[in-house]
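Remarks on the structure that follows.
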Amino acid sequence: MSYSYQIKTQEAYELAYRESVQYPEVFWERIASTFTWQKKWDKVLDWNFDQPSVKWFEGGKLNITENCLDRHLQKYGNIPAIIWEPNHPSESHRVLTYNELHVKVTQFANVLKNNGVQKGDRVCIYMGMIPELTIAMLACARIGAIHSIIFGGFSAQAIADRLEDAKAEFIITCDGAYRGAKEVPLKAVVDEALVGNTIIKRVIVYNRLNMPVSMVADRDVYWEEEVRKVEMQGNPDCPAEVMDAEDMLFVLYTSGSTGKPKGVVHTIGGYMVWANYTFVNVFQYQPGQIHFCTADIGWITGHSYIVYGPLSAGATTLMFEGIPTWPDAGRFWDIVDKFKVDILYTAPTAIRSLMGFGLEYVKDKDLSSLKVLGSVGEPINEEAWHWFYNNIGKEKCPVVDTWWQTETGGVLISNLAGVTPGKPSFATLPLPGVQPCLVDEHGKEILDNHVSGNLCIRFPWPGMIRTTYNNHERCRQAYFSTYENLYFTGDGCVRDEYGNYRITGRVDDVLNVSGHRIGTAEVENAINSHTGVIESAVVGYPHEIKGQGIYAYVIYNGTPEDIELSKQAIHQTVSRMIGPIAKPDKIQFVPGLPKTRSGKIMRRILRKIAEGETSNFGDTSTLLDPTLVDSIRAGKI
Ligand code: WTA
C-alpha cells in the first residue's frame, strides 16, 4: 500500500489543513477516491447541526471488509494482518495473514448467516482479546449486520441494559477470558444477563479456556462446530453485502451525564475514511511496520486503531490478550522486544502504573525498533510524558498525544509523528478537516490565543457520530443543543499563544477513571439501588495512577455498624450493576448532602472536599444547611 494522502512535512500539513477548511468536499472526495467503492457517491457532504443530520458520501455503495481485506489480497495476501500475543508468555503467539484472515472472516460470516443473522440486525459481541473478536466484527460487517461490542469488564446487568437498548438478537461470546492471573467466566455472565430475555435468538460461544459452560438447547451453539458445518458445505466464500455509505457499521455504548449509557452510532463510509486517514497520518505508518495499540477492542480506541484503521491501511496490527503488569511489569516491553514493534499506542494510566514499578523492568529489553509512541484516553501529565519519551522512546521517538472521543470515531487533535511538533501535555493542533473552537459559558466564541474555554467543533468531519441508537433526540440534546450550530465535546480546553490545544478534562458529569469513561449518575444509580442507601453523590478526585478516582458521598440508613462491611457491600452492588471498573475508590458516609434551597446538590463543594480543600468553598449562603459542609469536611477520607 502507499498512501497518497500521507502528510510528510509541516508545510504539507498546513496546506492540507487550509484546503480542508476552504474546500472540504474537494479535499475528502480525493481521499475517499483511493478506497474501494462498489458505486461512487452522489454527494460528498450534506449537513446541518440543528437536527442534527450529517451525511458523507451519500449514495456511495461499499463494504468496509472489502477495504480491510479483499483489496489487499492480491499484492499483500501473505503479510501478517494480525499478530496475536496471548495472556501467558509461555503460550504460542498466532499470526494471521491477510489471506488467512479473509478466509476466517468469510467463513464466520457464513456461520452468522446460517444462524439467521441478517443485514441490519444488531449483534452483541462480549469476548476477550483474541483474534476471533476481530473476526466476529468483520464478519458482521461483511453481511451488513451492526456490531455492538461490550467491554469484557461490564457486568450482567450492564449487558442486559445494552442488549435491551440495541434490541440485539444475537450474541457472540467466549466460555471465558484470561486477564492476567484471572479467568473471567464470560459465558456465565452472558447467561445471567439473559435471564428473562426473550429477544435473543442465538448465542455463539468460542472456546478459549475450555471451561465448563452451560449451553441452552436451541439457543446456544459452539463457534467451532458452526465453522465445521460451513466447511462441510464446501463454499467458504461470502460475497460482501452491498452497503450504503450511511448504513450503520456499529453501535458502541458510552457514558454521558445521565444515568443511562448511550449507543453511539457510526456509519460505514465516513468512519472508514476517518479511521484510515487518522491512522496513516497521526502515526505516520509505513508499510511493513508493526502497530501495537494496547487498548481493548471493547472501547473505541480498539475499534479504530486495532481493527479498522490498521486493516483498511493493509497494516500489521498487534493484538494483546493480557494486561501490562502480568506476569510482571515488563510485559509490554517484552512484546515490543519479541516482535520488534514500531508503533506503541497506549494510555497515560498504563504509563503511570508502569512508571511506578521502576526502570528495573525496562532495562534489559531491546526497544530499539520503536519509532513512534502514542497516548490516548485522558490528559497525559508531564511527568508521565517525559518518562515515556525518555525511557521507552529513548528520546528518539515522537510522542503523539491524541485527543478524541467515542463520538468522534478517530483522532481529532494531535501532532503528526515526526511531522508536526509535539509539546508535553498538549494534543497540539487539529487534523485536517477538524475545526475546533473554544466558547465561554454563555456560548460566546473566544477568538484569542492564550485562553481557556469549552471545546466545540464547528464543522462536520467524516468520522463523527450520526445518532444515538434508537433515540436521535438524545444525540441532539447531548451534543448539539448546548451551543448553537456547534458540536460540544464536553471537554474543557486551553489554547496556548501558538494555537496549540491542551485538553484539561471533562466539564460535565463524566469521570475518566484509568481512561474509562464513567458517568457519575450511573454510579449514583447503582449505589442508590443498594439496600439502606438513601441518597448518594459521586464526584471525581485526582488519583496518582488512574488520573481520576471515584469519591462517593453516601447517606446510609442509620449509622452503619460495621463501616468496612457496608462499604464492601456497596462495592459489590456497583460491580453487579455496572462492573468492577465503576467501584468507588472512596466511600464516605455523610449525614446529608449540601443542597440549595431548590434541592440541587452543590457538587462543586463536594468536589473541592474530595480534592482535599479545607477552605475556599465559594459562596455557601444559598445552601439549605451550610453547617453540613464542615461536618462533611471533618469526615473526609
Ligand atoms: C478524554 C477515548 C486529554 C476526553 C478515545 C474525552 C483525552 C474522553 C485525550 C473520551 C487526550 C481522550 N488528552 N483527554 N489525548 N483523549 N481524552 O470516549 O475527556 O473513551 O472527552 O474516547 O477522554 O473518552 P472515550
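Numbering (the working numbering), first residue to last: 978 to 1614. Glycine included, C-beta positions come from ideal geometry on N, C-alpha and C. Keep in mind it's a predicted model, so treat the numbers as computed, not measured.
Taking residue i as the reference, give the member of the options with the closest Cα.
i, options, result
"Val1180", "Tyr1199, Met1188 and Leu1186", "Tyr1199"
"Phe1034", "Met1220, Tyr1155 and Val1094", "Met1220"
"Lys1371", "Glu1360, Ser1346 and Ile1390", "Ser1346"
"Glu1418", "His1507, Val1072 and Leu1432", "Leu1432"
"Tyr1230", "Glu1208, Lys1317 and His1124", "His1124"
"Ala1394", "Phe1256, Leu1542 and Gln1028", "Phe1256"
"Gly1556", "Ser1592, Glu1499 and Gly1517", "Glu1499"
"Asp1485", "Val1516, Tyr1475 and Thr1508", "Val1516"
"Lys1196", "Lys1572, Asn1502, Asn1092 and Ala1165", "Looking at the sequence provided, one finds Arg at residue 1196 rather than Lys. It is Asn1092."
"Ile1245", "Ile1442, Tyr1155 and Lys985", "Ile1442"
"Pro1407", "Gly1236, Ala1272, Tyr990 and Lys1317", "Tyr990"
"Cys1117", "Lys1096, Gln1565, Pro1264 and Lys1020", "Lys1096"
"Gly1410", "Ile1008, Ser1402, Ile1532 and Glu988", "Ile1008"
"Trp1381", "Asn1392, Met1225 and Gln1261", "Asn1392"
"Arg1584", "Gly1469, Lys1577, Tyr1530 and Ile1547", "Tyr1530"
"Phe1403", "Val1376, Ser1608, Pro1571 and Thr1383", "Val1376"
"Tyr1262", "Val1182, Leu1350, Met1225 and Thr1497", "Leu1350"
"Leu1171", "Ile1558, Tyr1183, Val1003 and Ser1191", "Ser1191"
Is it true that the CB of residue j sits closer than 8 angstroms to the CB of residue i?
i, j, result
"Leu1039", "Gln1015", "yes"
"Val1567", "Lys1560", "no"
"Asn1367", "Gln983", "no"
"Ser1132", "Arg1494", "no"
"Ile1107", "Thr1293", "no"
"Gly1467", "His1243", "no"
"Gln1454", "Ile1434", "no"
"Val1031", "Pro1437", "yes"
"Gly1105", "Leu1163", "yes"
"Lys1342", "Gly1307", "yes"
"Leu1115", "Thr1042", "yes"
"Val1167", "Tyr1446", "no"
"Tyr1478", "Ile1390", "yes"
"Leu1605", "Thr1573", "no"
"Thr1444", "Cys1452", "yes"
"Leu1344", "Asp1314", "yes"
"His1507", "Ile1547", "yes"
Take the Cβ of residue i as the centre, count every other Cβ of all protein chains shown within 10 Å, and call the residue buried at 16 or more, exposed below.
i, result
"Ile1312", "buried"
"Arg1205", "exposed"
"Ile1511", "exposed"
"Lys1348", "buried"
"Ala1222", "buried"
"Ile1176", "exposed"
"Arg1329", "buried"
"Val1100", "buried"
"Arg1581", "exposed"
"Gly968", "The requested residue 968 is not part of the displayed model; the chain covers only 978 to 1614."
"Ile1614", "exposed"
"Gly1173", "exposed"
"Tyr1475", "exposed"
Rounded to whole angstroms, how far is the Cβ of residue i from the Cβ of residue j, which I believe are closer than 8 angstroms?
i, j, result
"Trp1276", "Pro1439", "Not confirmed; about 20 angstroms, so no contact."
"Tyr1282", "Cys1270", "4 angstroms"
"Asn1489", "Glu1588", "That belief does not hold up - the Cβ atoms of Asn1489 and Glu1588 are roughly 15 angstroms apart, past 8 angstroms."
"Asp1152", "Asn1187", "7 angstroms"
"Ile1120", "Tyr1103", "Contact doesn't hold; Cβ gap of about 19 angstroms is too wide."
"Val1318", "Ile1267", "5 angstroms"
"Tyr1053", "Gly1291", "5 angstroms"
"Thr1397", "Val1388", "At roughly 13 angstroms, the Cβ-Cβ gap does not stay under 8 angstroms, so Thr1397 and Val1388 are not in contact."
What residues match up with residue i in a beta bridge as DSSP calls it?
i, result
"Gln1565", "Tyr1530"
"Pro1409", "According to DSSP, Pro1409 bridges with nothing at all."
"Cys1045", "Answer is none; Cys1045 lacks a bridge partner."
"Ser1352", "Thr1323 and Asp1378"
"Glu1619", "The requested residue 1619 does not occur in the structure, where the chain is confined to residues 978 to 1614."
"His1507", "His1507 pairs with nothing; no bridge assigned."
"Cys1151", "Tyr1183"
"Cys1433", "Cys1414 and Phe1465"
"Ile1128", "Looking at the sequence shown, residue 1128 is not Ile but Phe. BP columns for Phe1128 are empty, so no partner."
"Ala1514", "Tyr1530"
"Pro1057", "Thr1074"
"Gly1240", "Tyr1230"
"Gln1525", "Pro1519"
"Val1396", "Beta-bridge pairing links Val1396 to no other residue."
"Thr1599", "Bridge partners of Thr1599: none, in fact."
"Phe1297", "Glu1062"
"Gly1492", "Partner(s): none; Gly1492 has no beta bridge."
"Gly1440", "In DSSP, Gly1440 forms no bridge with anything."
Consider the Cβ of residue i: report whether some Cβ of chain B lies at a distance smaller than 8 angstroms.
i, result
"Trp1364", "Among the chains in the structure shown there is no chain B, since it carries only a single protein chain."
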